[in-house]
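For reference, the structure is listed below as structure tokens.
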Amino acid sequence: MPAAARTDPIPLARPEIDTREETLVLEVLRSGRLSLGPMGERFERELAEWLGVEDAVAVSSGTTALHLGVRALGWGPGDEVLTSPFSFVASANCLLYEGAKPIFCDVDPVTLDLDPAAVEAALSERSAGILPVHIFGYPAAMPELEAIAARHGLGLLEDACEALGAVDSEGRRVGARGNLATFAFYANKQLTTGEGGMIVPSDPAVAAKLRSERNQGRAPDMGWLDHGGVGFNYRLSDLAAALGVAQTEKLDRMLERRAAVAALYEEGLVGVEGVTAPSAGRGAERRSWFVYVVRLDDGIDRDATIARLAEQGIAAKAYLPCIHLFPHLRELGYGGGQFPVAEAASAGTLALPFFTALDESQVARVCEALARSLS
Ligand SMILES: Cc1ncc(COP(=O)(O)O)c(C=O)c1O
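Now the structure itself:
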């Protein structure tokens, strides 16, 4: 057995939870206000302030944030929405929930985000909107996509579920451009509430609709058994919000730490044959490091590489499958070979362990194990 296998396993992800989270969760438990209490409002206020936006609406997940976003834009049957095939499935499913059709467009080979030229080429008279995904925390080409949307009268919903803290090509924080934008707080995200999400509304009327729909269609002045329209239970509990408040307080430091771990990887991977490190950002763009995904050269057996890493105690994952190839999207007419850039990326991308507590020696161990696995 190689020496590395005798040391502790290194997981793919691990949240950073400390006494501040414990204190705030306990505060909520002792308050007796487990939902719709002051902690939820505080999390919304503090994250909105951090983002530099007027308002933010907390919900139960990134998926429910996307669903409410689709409803807010009024996308439904007969509408086509241009989006990325290289994403997590929720960014397409949220359209299907409302009967709208995802129209996949290929991605840029470096950023792996929607390619504006591909979006332009896929426009039709049924196009109702664009749903860009800031994949792996890399900011999408928003100025270009906004220009297309403006020219053709399309709505925009940004899936920023992986991109809290990213900065776009105009130096603006992702989610703060005035479009509807969604964030997710699952346990591997830059900020976690265990399960949770946030949606940044485009104006106060949209914010009111989002708050009503997440809460069974109630308006603020309505009783528990009053409902002004269709709604859902997409509320975030105050226990989860307490985690969110504690995490927002240390968000800057956690993001810096993630960037530092990414820099350690970049250094450690120099000279590892067959592996291309991800870009931190071109020009003014700054990735918010969500995952550390490398690209393996064509011809490398990724599954065998993952298995060899596992033997050395290191978790790694093929990341991401193209979503147009899932059975329910194939039913819409999608199939292999339609989006060559996304499909090539999907065939060669590998996520390595990535979290704030990874230290220099662990990153070195992962890089050495990867080199050994490829040799
Ligand atoms: C790009 C993207 N969109 C949407 C989601 C859905 O978020 P959640 O898992 O909180 O529902 C995720 C979560 O992994 C994601 O990565």
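Basically my numbering = 1-based index in the sequence shown + 983. Glycine is no exception: its CB is placed at the ideal position from the N, C-alpha and C atoms.
Query	Result
8 Å Cβ shell around V1011 - same chain, five flanking residues per side excluded	L1017, G1020, M1022, D1221, L1222, A1224, A1225
Secondary structure of N1216, DSSP reduced to three states	strand
Integer-rounded CB distance, given that A1073 should sit under 8 Å from G1045	6 Å
For G1023, the first and last residue of its enclosing alpha helix (DSSP H)	1021-1034
G1179 - containing alpha helix (DSSP H), residue span	From DSSP, G1179 is part of no alpha helix (DSSP H); its letter is neither H nor E.
Within 7 Å, strictly: CB atoms of V1116 and S1152	no
Distance cut-off 6 Å: S1044 Cβ against heavy atoms of ligand 1	yes
Alpha carbon of A1130 to alpha carbon of D1038, nearest angstrom	24 Å
Residues bridged to T1165 (per DSSP)	D1142, I1182
Three-state class that DSSP yields for L1341 in the structure shown	coil
Own chain residues within Cβ distance below 6 Å of H1050, not counting five before or after	C1077, Y1080
Cβ-based neighbour list, K1075, same chain, cut-off 6 Å, excluding 5 preceding and 5 following	Going by the sequence as given, residue 1075 is Ala instead of Lys. Cβ neighbours of A1075 beyond the five flanking positions: P1085, I1306.
Any 3 or more C-beta pairs closer than 8 Å across the region 1321-1333 and the region 1088-1103	yes
Beta-carbon proximity of G1359 to F1338, cut-off 7 Å	This structure does not reach residue 1359, given that the chain is present from 984 up to 1358, and the question cannot be answered.
Segment contact, 8 Å Cβ cut-off, at least three pairs: the region 1295-1315 with the region 1252-1262	no
Helix, strand or coil at I1283 according to DSSP, with G and I counted as helix	coil
Close Cβ partners of R1241 (< 7 Å) along its chain, the five nearest in sequence each way excluded	Q1173, W1272, T1339
Local Cβ density within 10 Å of G1251, reported as buried at 16 or more and exposed below that	buried
Same chain, Cβ closer than 7 Å to V1102, neighbours up to 5 away in sequence not counted	L1065, C1088, I1113, L1128, I1131
Residues that P1085 bridges to, as DSSP identifies them	V1064
Continuous beta strand (DSSP E) assignments of at least 3 residues falling wholly in the region 1205-1261	none
Residue burial classification, V1228 (beta-carbon count within 10 angstroms, cutoff 16)	buried
N- and C-terminal bounds of the alpha helix (DSSP H) containing S1110	Unbroken run through S1110 is the beta strand (DSSP E), 1110-1114; no alpha helix (DSSP H).
Cutoff 7 Å; reference P1184; Cβ partners in own chain excluding five residues on either side	D1038, V1040, L1163, A1190, L1193
Where the alpha helix (DSSP H) containing T1332 begins and where it ends	Run containing T1332: none in the alpha helix (DSSP H); it sits in the beta strand (DSSP E), 1332-1335.
Selected residue, minimal CA-CA separation from P1323, among F1069, E1027, G1015	F1069
Whole-angstrom distance between A1083 and A1287, CA atom to CA atom	39 Å
Counterpart residues of N1198 in DSSP-defined beta bridges	N1216
Where V1072 falls: helix, strand or coil (DSSP)	coil
Local conformation of A1298 per DSSP, three classes	coil
Proximity test, E1141 beta-carbon vs ligand 1 heavy atom, cut-off 6 Å	no
Close-in-space but distant-in-sequence residues of the same chain around L1139 (CB under 6 Å, 5 per side omitted)	I1113, A1132, N1162
Check: S1074 C-beta below 6 Å from any heavy atom of ligand 1	yes
For E1141 and T1165, believed in contact at Cβ under 8 Å, the rounded distance	7 Å
Where the alpha helix (DSSP H) through A1104 begins and ends	1099-1105
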